[in-house]
Each structure stands twice: as C-alpha cells, then as structure tokens.
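Just so you know, the protein sequences line up as chains A and B, in that order.
Those letters in the first sequence? Residues 8 to 467, by this note's numbering.
Those letters in the second sequence? Residues 8 to 467, by this note's numbering.
Protein chains: 2
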Amino acid sequence: MTQKPSIPKGTRDFSQQQMACRNYIFDTVKEVFRKYGYSEIQTPSMENLSTLLGKYGEEGDKLLFRVLDSGDPFDKVDFDSYRNGEGGYRSAALSAALCGKGLRYDLTVPFARYVVQHYSELSFPFKRFQIQPVWRADRPQKGRYREFYQCDVDAIGSNSQLLELELVQIVEEVFRKLGIRVLLKINNRKVLQGLAEVCGYPDKVVDITVAIDKLDKIGFDAVAEEMLSKGISREAVAVLEPVLRLSGTTAGKLAAMRGVLAGSQEGLKGLDELEELFGYIASAGIGCPVEIDLSLARGLNYYTGAIFEVKALDWAIGSICGGGRYDNLTGIFGLPGMSGVGISFGADRIFDVLTALDKFPKGLGSATTLLFANMDQASVEYVLPVAAALRGKGIPVEIYPDPSKLKKQFDYADRKGIPFLSICGSSEAAEGKVNVKNLSSGEQKSFAKDDVDAIAAFLA
Amino acid sequence: MTQKPSIPKGTRDFSQQQMACRNYIFDTVKEVFRKYGYSEIQTPSMENLSTLLGKYGEEGDKLLFRVLDSGDPFDKVDFDSYRNGEGGYRSAALSAALCGKGLRYDLTVPFARYVVQHYSELSFPFKRFQIQPVWRADRPQKGRYREFYQCDVDAIGSNSQLLELELVQIVEEVFRKLGIRVLLKINNRKVLQGLAEVCGYPDKVVDITVAIDKLDKIGFDAVAEEMLSKGISREAVAVLEPVLRLSGTTAGKLAAMRGVLAGSQEGLKGLDELEELFGYIASAGIGCPVEIDLSLARGLNYYTGAIFEVKALDWAIGSICGGGRYDNLTGIFGLPGMSGVGISFGADRIFDVLTALDKFPKGLGSATTLLFANMDQASVEYVLPVAAALRGKGIPVEIYPDPSKLKKQFDYADRKGIPFLSICGSSEAAEGKVNVKNLSSGEQKSFAKDDVDAIAAFLA
C-alpha cells in the first residue's frame with residue numbers, strides 16, 4: 008500500500024540547512040531582544056474561536072483555520088437548520104457549531120489575551136517577545152504561506168516614547184548584526200488624524216492616508232486626483248500639498264508640520280511624540296538612517312501613535328519589519344487603558360534578503376568537526392574513547408556507523424561539510440596513534456591516542 | 008463588550024520564567040544532539056490526514072485534531088448520506104469529507120514522511136533532531152496536555168549498533184548536564200520474540216511481554232498467573248522463569264539468556280545486538296548505570312530491535328526519555344528497508360523533575376543586568392549613551408520608561424530580578440558621573456560617564 012507522501016499546500020518542510028539559517032535569524036533577534044529586557048513567552052497554537060473572531064475584520068475571520076471539535080461533533084448539530092436557502096449552508100454559523108477552536112492568526116491578539124488573563128502575575132511595563140508560527144487560510148502563492156513564523160517584540164503598560172526608542176534601537180542592532188543595511192521609516196497616526204482635521208475631513212483619515220500611501224509610486228498629482236475622487240475638496244488638497252511635498256531634514260519637516268497642524272490638538276500631540284522620539288534618537292545615537300514618512304499607513308486600523316516600517320536598502324522586497332503603538336489593544340478583552348507598542352520581524356523576508364545578498368555566515372549548518380572513519384569493529388572500539396574525550400571538550404564528532412567503502416565515508420563527510428577526517432586502522436591502533444586529516448588543506452597529522460588537547464588544537 | 012479570556016482546555020500559556028526553564032532544557036539537548044552530528048529539521052504543524060490516519064491505531068485516529076477545510080467546505084457535502092441509522096452520523100467518514108488536514112500527532116510519522124519525500128536530497132545515515140509541538144485530543148488531566156512539545160533525535164539508514172551507542176551517550180550527557188541522575192534500561196524486541204519462540208508461543212510475544220512488563224509491580228507468581236490466563240502453558244512459563252528471575256551483571260545475564268534462547272535464531276540475533284552494544288558502551292565509557300531489563304516493552308508494536316527507557320533515580324515520575332529501533336518506518340510511505348533508531352525526551356516530565364529536585368540553575372529568566380532609573384527627560388537623555396555603550400558590550404540594560412516614583416522603579420527591578428540599579432539625577436549629570444548600586448550587596452560606586460569598561464567590570 009504505497010502512499011505518495013506530500014504536505015498541505017502553503018506549508019513547508021525546513022531542511023537542516025534551512026533550519027540552520029532560520030535559527031541564525033531567530034537567535035540573532037532573541038539575543039538583541041534580551042539585551043533590552045524583553046523575555047520570551049509562548050501561547051497555545053489553538054485559541055478559543057471567541058478569542059479570535061472579530062479581531063481581524065470580516066476577511067480575517069474567513070482566513071482562520073478552524074479545528075473540528077473532538078468526540079462526535081456532528082451528532083449535536085441539526086444541519087438543515089443551517090441551510091442558506093440557496094442550496095448551500097451558512098458557513099460561518101455551521102463552522103461555529105462544529106468548531107470551538109481555531110489556529111492562532113497572529114501573535115498580537117493572543118498577547119492581548121495573555122496580558123488580560125495573567126494581569127495580576129505580570130510586572131508593568133511588561134516587555135515580552137514571542138516567536139511562534141501563525142496560520143492563515145490565504146490562497147498560497149510565491150512568498151505567501153499558510154503557516155509561517157512571526158517574531159514579535161512588544162512592551163505594554165507605558166506611554167513613554169522611550170519604548171519607541173528601544174524598538175528603534177532593536178531594529179538597528181538586529182539588522183546591523185545580520186549585515187543588512189536598512190532604512191527605518193516612522194510616522195504617527197495622530198499626525199495623520201491632524202492632517203485630516205486641518206483640511207476639514209476629520210472622518211476621512213483612512214481615505215487620505217491610503218491616497219498619501221501611493222505618493223512614492225504615482226506622484227503628487229495622481230494622489231491629489233484620488234483624494235478629489237473620494238470627495239475631498241480642492242482646497243483641502245491644497246492645505247495638504249506643502250506637507251506632502253516635504254523633504255529635507257527631520258527638524259525641518261517637524262517645523263513645517265507644526266505650522267500646518269497648528270489647528271489640530273491631536274496633530275500637535277503626534278508632533279510632540281515625534282519630536283520627543285527623535286530627540287531620544289539623537290541622544291542615544293543610531294547607526295542607521297531613520298526618517299519621517301507621512302505616507303506610512305500600515306496597520307492604520309489599530310495603531311494610535313507611532314508607526315514603523317523597515318526597508319532593506321540593497322534588496323527590493325517590501326517591508327522586512329514593522330509595527331507601531333496601540334493604545335487600547337487589551338480593551339477587546341475588557342482591560343482598557345493599556346498602551347503598548349511593538350514591532351514584528353518578517354523572518355521569511357529577512358531569510359530571502361540574506362540569501363539574495365549572500366550574507367549568511369559561511370559554514371552555517373555544518374555541525375560536525377571530525378568524522379572517524381569506520382574500518383571494522385576493532386578500529387571503532389579503538390577510537391571510541393578518543394571520540395568521547397573530544398566531545399567532552401565540546402567538539403562535535405561523529406563515527407561513521409558502518410564499515411562501508413572509504414569512498415562512501417568520504418562522500419558522507421563531503422556532503423555534510425565535515426572538515427576533518429580520521430582513519431585509524433590496525434597499524435594506528437598498534438602504535439597507539441590517531442591520524443587526523445584536514446580535508447580542505449590536505450594537511451595530515453599523527454597524534455598519540457591520549458593527546459586529546461593536541462588533537463583539539465589541530466581541529467580548532 | 009467584555010469577553011472573559013481563556014484558553015482551550017489541555018493547552019497552556021508559558022510565562023517568561025517557564026520559558027526560561029523550558030529553553031534551558033531545549034538548549035541543553037540541542038547542544039548535545041549537535042555534538043553527535045544531529046541537525047534540526049522542522050515539518051508543518053498540519054499534515055494531510057492521509058499521512059496521519061492509520062498510523063497510530065484506531066484509538067490514535069480518534070485523537071487526531073482535524074482542521075476544517077477552508078472556503079465553503081459544507082456545500083460539497085450531502086450530510087444525509089453520512090447518517091449512521093442510529094440518529095447520528097458516521098463521524099470518521101463525515102470528518103474525512105470536511106477535513107483534509109490534521110495536526111501532527113507525533114514527530115515520528117512526519118519524520119518518516121519527510122525522509123521519503125526528500126529522499127534524493129538526503130545523505131544517509133540521516134541524523135536529525137526535531138523539537139516541535141504535537142497535538143492530541145486526549146482527555147486533559149494532570150500532566151497530560153492536548154498540546155505538548157516532543158523532542159526527538161533519530162538516525163535512519165543504518166543497522167549499526169553504533170547508533171544505539173550514540174543515543175546512550177546522548178542520554179547520559181543530557182542528563183549529566185541537567186544534573187539529573189538516571190538509570191538507562193535497555194531491552195531488545197528480538198530477544199522478546201525469541202523468548203516467545205522458545206517457550207512455544209511465537210505468536211504471543213505481546214501477551215508475554217505485557218505480562219513480563221508487570222514483573223516489578225506484581226512479582227513473578229502473579230505474572231505467571233497472567234500468562235496462564237492468556238492460554239500459555241505451565242511448561243512454557245517454566246521455560247521463561249529462569250530468564251525472568253535473572254539478576255546480577257550484564258555479562259551474566261547475557262550468558263544465561265544465550266542458553267535459554269539457543270533454539271531461536273531471532274532471539275540469538277537480538278542477543279548479538281545487545282552484546283555488541285554493551286561492548287561499545289564498555290569501550291566508550293558511560294557515566295550512568297545502563298542495564299538490561301527484559302520487562303521493558305514500550306512501543307512494542309513498532310520497535311524491532313533495541314528498546315530504551317530512562318528513569319530519574321531521585322524522583323518517581325515514570326519514564327523521562329525512551330525510544331528504540333524500527334526497521335521499517337518508511338515502509339508505510341513506500342520506502343522499504345530503511346532501518347532507524349531514535350529516542351524522545353519528555354520535556355514536560357524533565358521540567359517537573361528539575362523543579363522537584365530544585366536543579367534549574369539560579370537566575371534563569373532574569374535577563375537584565377542593570378536598570379537605569381528614570382528621574383526626568385533630561386536625566387534619561389544623559390544616560391542614553393551610557394546604556395547604548397553597555398549594550399554594545401553585550402550587557403542587557405533597561406531604562407525605566409516613565410519618571411515614576413522611585414519605589415515603583417525599585418519594585419520593577421526587584422520583580423524582574425535585576426541585580427544593579429543606577430540613579431542619575433541632575434547632580435550626577437553636572438559632574439559627568441554615573442552611580443551604580445549592587446542591589447543585593449548594597450555596594451555603590453561612582454564612575455566617570457565615559458568609563459564604560461569600569462562600569463561593565465562592576466556589573467560582571
């Protein structure tokens with residue numbers, strides 16, 4: 008009964024080489040997160056659907072993977088009562104009757120749920136990171152998966168712009184360590200709201216921002232056209248024009264905006280936040296370009312203050328990291344007034360950038376330093392204590408398990424990228440020696456069996 | 008609209024402290040696995056149900072979590088055709104119609120699927136480890152979860168007993184590093200088969216082993232009684248008695264068994280394997296007790312050679328690690344003749360043992376070394392470059408984000424276990440100084456702001 012094995016579309020196996028590269032990324036971000044006082048939590052893969060539904064919009068609800076209740080979930084259901092009158096079924100209601108749980112869609116909602124559920128155990132500001140897979144029933148396509156890792160770092164319980172600064176520092180340090188040159192763009196939702204207010208359309212902040220968002224691609228005239236088509240007046244567009252045409256230094260931009268936003272309390276508050284943050288950035292010193300970009304609109308529906316986006320300077324792939332401040336994330340679970348700020352690193356895109364720029368360190372994934380060839384059982388028993396002693400010094404060592412042809416054993420070393428090989432036969436055993444060969448330089452040395460320090464030094 | 012948040016029964020949130028402890032376990036095993044040439048792979052959380060069904064017995068099929076197909080899965084189904092004639096539905100068939108995917112039940116079947124699917128890309132023997140969650144719709148109870156991590160290390164593609172040796176060495180080193188004293192018990196399925204053959208019941212190896220398995224708990228007489236009740240003759244039980252009453256050295260046990268098993272080729276082959284393995288163990292030198300235990304029967308339905316089980320000597324909690332050799336795991340996916348051997352570490356039980364024996368290293372989970380108190384914006388801007396310089400030396404540093412009362416900032420340091428605090432106000436800034444206090448010893452020192460090396464040395 009042969010089954011041809013495969014995996015669900017949109018999911019991936021990660022090979023040893025891929026895992027070595029992915030772990031390099033995860034280990035790098037974790038090390039940086041910890042240096043700023045952020046610690047890891049994990050939440051369950053499955054959440055109650057009541058926790059997830061309604062948090063990601065109507066489209067998001069459809070993209071949730073639902074888990075069938077265990078036991079006999081069908082016997083309790085009257086399927087006919089779920090007919091939609093068009094020959095089908097009311098899908099959302101029927102799946103709610105059959106499925107009480109769903110797979111996590113992101114790490115933000117579970118984080119909010121975690122903070123509310125464990126409120127009394129936590130110290131605030133609560134600084135956590137979380138690196139776990141999420142699942143979305145998106146149509147699979149190049150670069151879009153149904154299971155992928157998110158890598159989130161958030162602080163909750165303080166309004167301080169020092170937390171925004173920490174995230175800026177974390178971004179800079181992570182990408183410096185990874186060897187990726189980046190541009191960090193910052194916007195502020197309150198400034199966008201202020202712009203909408205001063206041009207007379209306080210309710211159209213989304214329309215205005217969506218239009219502004221295209222500034223880079225289509226230019227000011229086309230953006231103006233789009234705003235007009237959304238019912239925004241020519242006068243209002245004229246008010247916005249000087250802000251959208253802003254260039255030059257951050258200080259200059261902030262000063263120019265202060266003039267335009269003079270009539271909006273909200274807008275001025277956003278400017279104050281930006282000025283405080285850029286003041287901190289100047290004091291701390293940051294090793295990557297950081298600029299204000301009013302066209303940055305990501306996550307507009309829940310960010311309330313700073314908005315961040317990071318682009319790789321040497322590889323066009325869209326945003327590789329982004330986030331912002333949300334004033335009321337835990338409100339959906341009954342805990343109002345908790346302000347938080349966070350960013351998310353896109354592991355898959357960072358992987359692609361490192362691959363494209365050839366920036367992964369050489370030798371990732373080749374774990375073993377020395378392979379002892381297997382000549383026969385006696386030779387193996389001869390080298391076993393040597394192998395154990397080398398491992399005792401922390402050196403990864405393998406013994407080829409079978410007395411196969413040497414060609415095959417060499418091939419194994421070659422394919423695994425093992426740099427040293429030792430062939431000890433009966434003559435070495437008789438002399439109490441161990442031969443070790445550097446497979447790339449060809450250099451070969453002979454050691455007394457017990458001189459493990461010398462062998463270790465040769466392998467170093 | 009307040010929702011009281013909770014998580015599905017049988018699942019868990021892991022706090023920062025728990026994650027620090029869990030990562031300590033995972034990092035320890037990973038480091039050891041790598042030292043023996045094993046590298047990490049990951050497989051998707053969801054597998055096609057065709058991959059999973061029928062691999063874990065009828066009971067296992069019921070414990071699979073099934074994922075509802077996305078889109079409109081109900082419209083394609085004629086529910087009435089799935090009625091079971093007793094007022095309910097044929098649950099297995101109907102869930103198969105609605106769900107094409109299920110959550111991974113263990114790491115072994117996905118590993119077998121991986122090896123077959125990626126056969127041409129792999130070098131054999133293929134040595135991998137895998138640490139990922141698995142899901143089972145078991146009834147939740149103390150110590151049994153619906154989502155839990157497995158931590159598996161396997162080698163596939165060689166019959167060599169050297170691989171069994173490696174697993175023995177890995178077990179010894181992992182638990183030595185963790186500070187848990189263990190007993191490693193070894194059995195061999197072929198020996199059990201041989202015993203069934205020599206007593207005349209070659210088909211009753213399961214009945215016989217299940218009975219032998221209770222030897223520790225109920226004693227020989229009750230075991231004999233159970234075998235008789237299974238239709239095994241008094242003469243057969245008499246043949247087995249000397250083997251079951253074996254004690255003393257491993258060499259003595261092996262010799263005694265060789266006499267009893269003389270009439271079974273399979274049994275003698277099993278003895279040969281055990282002798283070869285114990286020969287290697289003697290050559291390599293192992294720092295924990297390793298003994299033959301004929302009553303060890305775990306995983307009998309798919310192990311074909313060695314069977315392993317590890318018990319903590321100082322805490323009664325059942326097996327904390329186990330595994331064995333399986334000759335034909337990939338056969339279910341159409342690739343016969345691949346022999347493999349592997350073990351699985353029980354992370355939850357190991358966590359419980361380390362907790363009970365108080366063996367977790369002190370200070371796990373307290374990431375931050377130094378907290379700068381927040382006096383006001385000016386003081387923060389004064390310390391920002393110092394904090395950045397210390398982080399540049401790899402030291403985890405936080406700045407309290409708000410100018411709160413010092414009591415609150417002290418409490419924060421205390422609850423996070425931060426050992427050093429720096430309070431820099433306007434007078435320190437005027438003098439260009441930085442004060443640092445060791446919160447446990449009370450020692451306080453003053454440094455020039457730029458003398459980061461001296462500050463780092465004080466924190467070390």
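Where a beta carbon is used, it is the ideal one built from N, C-alpha and C, also for glycine.
Note that the structure is a prediction, hence the values are computed from the model and not measured.
Under 7 Å between C-beta atoms of residue i and residue j
i                           : j                           : result
phenylalanine 427 (chain B) : leucine 466 (chain B)       : yes
leucine 281 (chain A)       : asparagine 166 (chain A)    : no
leucine 377 (chain B)       : alanine 291 (chain A)       : no
leucine 170 (chain B)       : proline 408 (chain A)       : yes
methionine 26 (chain B)     : isoleucine 138 (chain A)    : no
alanine 374 (chain B)       : proline 403 (chain B)       : yes
glycine 325 (chain A)       : phenylalanine 315 (chain A) : no
cysteine 28 (chain B)       : arginine 73 (chain B)       : no
valine 122 (chain B)        : threonine 337 (chain B)     : yes
tyrosine 96 (chain A)       : phenylalanine 81 (chain B)  : yes
lysine 456 (chain A)        : valine 443 (chain A)        : no
glutamate 54 (chain B)      : arginine 111 (chain B)      : yes
glycine 349 (chain B)       : methionine 382 (chain B)    : no
valine 141 (chain B)        : tyrosine 45 (chain B)       : no
valine 459 (chain B)        : alanine 396 (chain B)       : yes
Beta-carbon contacts of residue i that lie in its chain and below 7 Å, excluding the five residues immediately before and after
i                       : result
aspartate 365 (chain A) : none
lysine 423 (chain A)    : Ser373, Thr375
leucine 278 (chain B)   : Val198, Leu261, Met264, Arg265, Leu268
glycine 294 (chain A)   : Glu179, Arg183
tyrosine 310 (chain A)  : Arg196, Gly331, Arg332, Tyr333
glycine 439 (chain A)   : Ala455, Lys456
Closer than 7 Å at the beta carbon, the chain B residues around residue i
i                      : result
leucine 169 (chain A)  : Val387, Ile406, Pro408
serine 102 (chain A)   : Leu75
cysteine 106 (chain A) : Leu75
threonine 58 (chain A) : Pro12
glycine 292 (chain A)  : Pro392, Ala395
Assigned exposure category for residue i - 16 Cβ within 10 Å defines buried
i                        : result
alanine 319 (chain A)    : buried
proline 249 (chain B)    : exposed
glycine 353 (chain A)    : buried
serine 13 (chain B)      : exposed
lysine 237 (chain A)     : exposed
serine 448 (chain B)     : exposed
glutamate 65 (chain B)   : exposed
glycine 109 (chain B)    : buried
arginine 135 (chain A)   : buried
isoleucine 225 (chain B) : exposed
threonine 216 (chain B)  : buried
glutamine 475 (chain B)  : Here chain B covers residues 8 to 467 and nothing more, so residue 475 (chain B) does not appear.
alanine 229 (chain A)    : exposed
alanine 304 (chain A)    : buried
alanine 385 (chain A)    : exposed
Neighbourhood of residue i by C-beta distance below 6 Å, restricted to the same chain and skipping five residues each side
i                       : result
alanine 231 (chain B)   : Val244
alanine 461 (chain B)   : Phe454
glutamine 200 (chain A) : Val212, Glu273
Partners in chain A for residue i, counting only beta-carbon separations shorter than 8 Å
i                    : result
lysine 452 (chain B) : Chain A residues near lysine 452 (chain B): none, gap ~22 Å exceeds 8 Å.
lysine 423 (chain B) : Gly44, Ser130
Beta-bridge pairing of residue i - partner residues as DSSP gives them
i                       : result
lysine 369 (chain B)    : Paired residues: none, contrary to the question.
methionine 53 (chain A) : A:Leu110
lysine 276 (chain A)    : Partner(s): none; lysine 276 (chain A) has no beta bridge.
proline 140 (chain A)   : A:Tyr156
tyrosine 333 (chain B)  : B:Gly347
cysteine 328 (chain B)  : B:Val317, B:Phe352
Cross-chain neighbours of residue i in chain B, by beta carbon under 8 Å
i                       : result
cysteine 431 (chain A)  : In chain order: nothing, as chain B lies at least about 13 Å away.
glutamine 124 (chain A) : Pro12, Ser13, Ile14, Asp20
Cβ-based neighbour list, residue i, same chain, cut-off 8 Å, excluding 5 preceding and 5 following
i                      : result
arginine 120 (chain B) : Thr50, Glu54, Thr58, Phe340
proline 15 (chain B)   : Arg153
leucine 70 (chain B)   : Tyr63, Tyr112, Arg143, Ala144, Asp145
glycine 67 (chain B)   : Tyr112
Proximal chain A residues relative to residue i, where beta-carbon distance stays under 9 Å
i                      : result
threonine 50 (chain B) : Ile14, Thr18, Arg19, Asp20, Phe21
Chain-ordered neighbours of residue i on chain A, where CB pairs are closer than 7 Å
i                      : result
arginine 183 (chain B) : Here the premise fails: no neighbours, minimum Cβ distance about 11 Å.
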